[in-house]
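Here is the structure we will look at.
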């Protein structure tokens, strides 16, 4: 009896002392696993914040394209055609209108702050042309044309007049040159506000117009003809 009882007692003591594993509750186990996985050694190859952001962006774009290709006629091929058409339209508008520019211009946008004569504008234009600076050469030659018309009293000196307005007003007494005057105003606007680049031929056209206008006879109105008589 004592031997059997002693063996039974020993087995009980063995179990109590840890011979049989003690169960761990779920919450402490989960916290321990989370703590272990938060160590840097487990995240050495993880993508950085920028890479994760880019991955999400490309994933969003991919989903958007997939949705669009499903809705576009012809599937993915139809979507490609639509994208090419849109790109072509944007390119055509950009070429036609030039670089977007400010719609608000200063009150005296055509001439600078220091008034100069037509001869002075011509001299500046020729200096720019000699250095192949065609944009300022075009601007100065256009200013010379308008200033010369003002000096001949074919245009009233008026601050704030634009190139288009000057061309329209000068075309009335000089109808034979109206088309070329409007072309000169367009060239001025293109290089000044439209972001275009002028070339040698554009300047030579303005120079020829300036020389022709020097000897052009204006078409007098009825009131002007009566005053002259």
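In my numbering, the protein residues as written are 1 to 229.
All C-beta atoms in this analysis are idealised placements derived from N, C-alpha and C, irrespective of residue type, glycine included.
Note that the structure is predicted; figures quoted are calculated from it, not measured.
Environment of residue i [buried if 16+ CB atoms lie within 10 Å]
{"i": "residue 211", "result": "exposed"}
{"i": "residue 57", "result": "exposed"}
{"i": "residue 145", "result": "buried"}
{"i": "residue 192", "result": "buried"}
{"i": "residue 151", "result": "exposed"}
{"i": "residue 140", "result": "buried"}
{"i": "residue 91", "result": "exposed"}
{"i": "residue 200", "result": "exposed"}
{"i": "residue 129", "result": "buried"}
{"i": "residue 117", "result": "exposed"}
Beta-carbon proximity check, residue i vs residue j, cutoff 8 Å
{"i": "residue 219", "j": "residue 175", "result": "yes"}
{"i": "residue 163", "j": "residue 142", "result": "yes"}
{"i": "residue 147", "j": "residue 121", "result": "yes"}
{"i": "residue 138", "j": "residue 209", "result": "no"}
{"i": "residue 185", "j": "residue 167", "result": "yes"}
{"i": "residue 177", "j": "residue 202", "result": "no"}
Supposed contact pair residue j and residue i - C-beta distance, whole angstroms, cut 8 Å
{"i": "residue 154", "j": "residue 173", "result": "5 Å"}
{"i": "residue 170", "j": "residue 149", "result": "5 Å"}
Endpoints, the alpha helix (DSSP H) within which residue i is located
{"i": "residue 135", "result": "134-151"}
{"i": "residue 124", "result": "118-130"}
{"i": "residue 212", "result": "200-215"}
{"i": "residue 190", "result": "178-192"}
{"i": "residue 164", "result": "163-170"}
With contact counted as at least three CB pairs below 8 Å, one residue from each stretch, are the stretch 124-134 and the stretch 154-162 in contact? no
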